[in-house]
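Participant: Protein chains in written order, with the working numbering: chain A, 4 to 121; chain B, 15 to 122.
Cβ coordinates follow ideal geometry from the N, Cα and C atoms, glycine included.
Below you will find the structure I want to go over with you.
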């Protein structure tokens, strides 16, 4: 059974940093693109970042490029999102997702909440 | 980047009704379009991928159609469990994904 378990969400002050983690199990982690998606309170879904199987390609939504870094450790079956220079508008639940063979986010974790506030 | 326009934003319907939600893309997606269902406090659930392929275990009353820039999700014979928010999402390129704004399906 595919499982994705996010952790690391917290309350952080504007300008601060946070690192989210996603522990994957139930599949060969190194075979799949992985994606972070977020959802601000009461709002819709927003794609945040993608990372290729070997980490050689990374893509970001414009609003986080230069502040967020997606990474992965295939030996640890883990996905990460390093978030720097956090802003109030980054407040959201962050979901870790696994793509199918075409990249469609097929499996989702339960999400981890991030609140940016003073 | 590809923009997705989803409509309507809210839809009121009754159990047993047939409903349709539409997504329009700003450029051709071929068929790289997915539909998700989300209930309050829960992660989204993939229903349809590649525009019209039903995920295993999803009831057959859900169907997707379309190609190019216009896509639809149809739910025939609405059930009480179907009242939720639905999102389309394009995944035409790994360099950028986009979600539609969402459609909240409410009980009339």
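(1) Under the rule that 16 or more other beta-carbon atoms within 10 Å means buried, what is residue 4/A, buried or exposed?
(2) Whose C-alpha, out of 17/B, 107/B, 40/B, 98/B, is nearest the C-alpha of residue 28/B?
(3) Taking the alpha-carbon positions, what's the residue 75/A to residue 6/A distance?
(4) Spell out whether any CB of chain A is found under 9 Å from the CB atom of residue 113/B.
(5) Residue 28/A: beta carbon under 8 Å from a heavy atom of the ligand ADP?
(6) Out of 115/B, 104/B, 68/B, 95/B, state which residue places its alpha-carbon closest to the alpha-carbon of residue 83/B.
(7) Can you list, in chain order, the residues of its chain whose CB lies under 6 Å from that of residue 41/B, leaving out five sequence neighbours each side?
(8) Who are the near neighbours of residue 110/A in its chain, counting only those whose CB is closer than 7 Å to its CB and skipping five residues on each side?
(9) Put residue 34/A into one of helix, strand or coil per three-state DSSP.
(10) Measuring alpha carbon to alpha carbon, tell me which of 32/B, 66/B, 53/B, 20/B ends up nearest residue 93/B.
(11) Under three-state DSSP, which class holds residue 95/A?
(12) Is the CB-CB distance between residue 94/A and residue 11/A below 9 Å?
(13) Under 8 Å by Cβ, that's how I've got residue 98/A and residue 57/B pegged, so tell me the actual separation to the nearest angstrom.
(14) With distance defined between alpha-carbon atoms, name the residue in 84/A, 37/A, 106/A nearest to residue 70/A.
(15) Look at the alpha carbon of residue 72/B and the alpha carbon of residue 88/B, and state the distance between them as a whole number of angstroms.
(16) At the level of alpha carbons, what is the spacing between residue 52/A and residue 119/B?
(17) Buried or exposed: which applies to residue 112/A, given that a residue is buried once 16 or more other Cβ atoms fall within 10 Å of its Cβ?
Facilitator: In terms of the structure at hand:
(1) Here residue 4/A refers to the residue found at position 1 when the first chain is read from its first residue. Label assigned to residue 4/A: exposed.
(2) Mapped onto the second chain, residue 28/B falls at position 14. The shortest Cα separation from residue 28/B among 17/B, 107/B, 40/B, 98/B belongs to 98/B.
(3) Position 72 of the first chain, counted from the first residue, corresponds to residue 75/A. Position 3 of the first chain, counted from the first residue, corresponds to residue 6/A. Taking the straight line joining both Cα atoms gives about 16 Å.
(4) Reading the second chain from its first residue, position 99 is the one you call residue 113/B. Yes, because at least one Cβ of chain A sits closer than 9 Å to the Cβ of residue 113/B.
(5) With respect to the ligand ADP, the structure shown offers nothing to examine, as it has no ligands at all.
(6) As a working note, residue 83/B is residue 69 in the second chain. Cα-wise, what sits closest to residue 83/B is 104/B.
(7) By one-based count along the second chain, residue 41/B stands at place 27. Counting only residues of its own chain and dropping the five nearest sequence neighbours on each side, residue 41/B has a CB closer than 6 Å to the CB of 16.
(8) Walking along the first chain from the start, residue 110/A turns up at place 107. The residues are 5, 7, 100, 101.
(9) Taking the first chain and counting its residues from 1, one reaches residue 34/A at position 31. In this structure, residue 34/A counts as helix in the three-state DSSP scheme.
(10) Locating residue 93/B in the second chain gives position 79, counting from the first residue. Comparing Cα positions, the closest option is 32/B.
(11) Against the first chain, residue 95/A aligns to sequence position 92. Of the three classes helix, strand and coil, the one that applies to residue 95/A here is strand, per DSSP.
(12) Numbered from its first residue, the first chain carries residue 94/A at position 91. Numbered from its first residue, the first chain carries residue 11/A at position 8. Result no, Cβ atoms of residue 94/A and residue 11/A do not sit closer than 9 Å.
(13) In the first chain, the residue the question calls residue 98/A occupies position 95. In the second chain, the residue the question calls residue 57/B occupies position 43. Correct: roughly 6 Å between the Cβ atoms.
(14) The count along the first chain starts at 1 and reaches residue 70/A at position 67. Checking every option, the nearest Cα to that of residue 70/A belongs to 84/A.
(15) Here residue 72/B is taken as the residue at index 58 of the second chain, counted from 1. Here residue 88/B is taken as the residue at index 74 of the second chain, counted from 1. Going from the Cα of residue 72/B to the Cα of residue 88/B covers about 13 Å.
(16) Along the first chain, one-based indexing puts residue 52/A at 49. Along the second chain, one-based indexing puts residue 119/B at 105. Answer to the nearest angstrom: the Cα atoms are 28 Å apart.
(17) Indexing the first chain from 1 puts residue 112/A at position 109. Residue 112/A comes out buried.
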